[in-house]
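Protein chains: 2
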Amino acid sequence: MESIFLRGVKAAANFTGTAFVNTLVKDAEDVYNCRVYHVEFEAGARNFWHKHSAGQILLVTAGTGYYQERGKPARVLHYGDVVEIPPDVEHWHGAAEGNRFTHIAVNPNTHKGEVAWLAPVTDAEYKEAAQ
Amino acid sequence: MESIFLRGVKAAANFTGTAFVNTLVKDAEDVYNCRVYHVEFEAGARNFWHKHSAGQILLVTAGTGYYQERGKPARVLHYGDVVEIPPDVEHWHGAAEGNRFTHIAVNPNTHKGEVAWLAPVTDAEYKEAAQ
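Going line by line, the protein sequences match chains A and B.
For the first sequence, the tail end lands on 181 under this note's numbering, and the numbers increase by one without skipping.
For the second sequence, the tail end lands on 181 under this note's numbering, and the numbers increase by one without skipping.
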């Protein structure tokens, strides 16, 4: 699977398994009040539970993955899918077991803060999501 | 060329040639203060000169196209390219002559307004951009 966007650097924390993050829009001078990332998850990789005080938008570009909000069944994601993650909703996202998975992540209103990381998604939680 | 995102509806105004716009995030309830579009330009199609009071971010997903700011040479765009369009800068974007072209457009801070449309890009301006 070829990625549209470069894979960037290996995520050093807050992921289980291997993922790569490419900051597409850093907005260092705060012109856009918005940051944009490309995230590539190796098969089975996922991020920790987390939440965004201003929400986040995911645009799926390739592969098969999951998005799960706390207390809800996981949603299976494929290219072309869009996920609107409301502010302060605990969730995680990541690749399906046998598939790489890539998405763009748009973080709007970054003046409100970007992300609060929580606990890892356990293997049991991941397996249940994948059922 | 297959698109990742559905092509949406034909643009009824403010484009020269044929383009399709799919609203990926409408943000009708203003949760994100941000709208996201997928735009597909048929070969040679382009939008009119325009500007965004809060700026715009383009994420190129396929094809070959152009981005030009008023008074500057056009920039050639390919998949994986990112364009940061500052607030109030007059510009246009569109497909190269023999190529379809698709991009995601992120409009942040929509409470400031989204777009002001200006004059069409003339054939002469387009040809000069393409040189």
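Don't be surprised by glycine CBs; every beta carbon is placed ideally from N, CA and C.
As the structure is a prediction and not an experimental result, all values here were calculated from the model.
Task: CB of residue 132/B within 7 Å of CB of residue 119/B, strictly - done: no
Open item on the list: Less than 7 Å between CB atoms is the rule here; does residue 71/A satisfy it with respect to chain B?
Closed with: no
Task: residue 100/B - partner residues in DSSP beta bridges - done: 141/B and 167/B
Task: Nearest-angstrom Cα separation, counted from residue 91/B out to residue 113/B - done: 9 Å
Open item on the list: Run through chain B and tell me which residues come within less than 7 Å of residue 83/A, C-beta to C-beta.
Closed with: 158 and 159
Task: Contact with chain A by residue 152/B, beta-carbon distance below 7 Å - done: no
Task: DSSP state of residue 60/A mapped onto helix, strand, coil - done: strand
Task: residue 172/A versus residue 125/A: straight-line alpha-carbon distance, rounded - done: 17 Å
Open item on the list: Whole angstroms are fine: how far does the CA of residue 151/B sit from the CA of residue 57/B?
Closed with: 11 Å
- [ ] Answer with buried or exposed for residue 177/B, where buried requires no fewer than 16 other C-beta atoms within 10 angstroms of its C-beta.
- [x] exposed
Task: Residue environment, residue 59/A, which counts as buried when at least 16 other CB atoms sit within 10 Å - done: exposed
Task: Given 8 Å, three or more beta-carbon pairs between the region 88-102 of chain A and the region 65-73 of chain B - done: no
Task: Neighbouring residues, chain B, relative to residue 114/A (Cβ below 9 Å) - done: Those within 9 Å of residue 114/A in chain B number zero; the least Cβ separation is about 14 Å.
TODO: Give me the Cα-Cα distance between residue 181/A and residue 147/A, rounded to the nearest whole angstrom.
DONE: 11 Å
Open item on the list: Mapping the DSSP letters down to three states, classify residue 160/A as helix, strand or coil.
Closed with: helix
Open item on the list: Tell me the rounded alpha-carbon separation between residue 163/A and residue 102/A.
Closed with: 7 Å
- [ ] Check whether the Cβ atoms of residue 83/B and residue 160/B sit closer than 7 Å, and answer yes or no.
- [x] yes
- [ ] Express the C-alpha separation of residue 100/B and residue 123/B in angstroms, rounding to a whole number.
- [x] 16 Å
Task: Candidates 98/B, 55/B and 87/B, of which the one nearest residue 168/B by Cα - done: 98/B
TODO: With DSSP as the reference, label residue 175/B as helix, strand or coil.
DONE: helix
TODO: Measure how close the beta-carbons of residue 116/B and residue 88/B come, nearest whole angstrom, since I'm counting them as under 8 Å.
DONE: Not a contact, Cβ separation roughly 18 Å.
Open item on the list: Can you list, in chain order, the residues of its chain with a C-beta nearer than 6 Å to that of residue 68/B? Leave out the 5 residues immediately preceding and following it.
Closed with: 92 and 95
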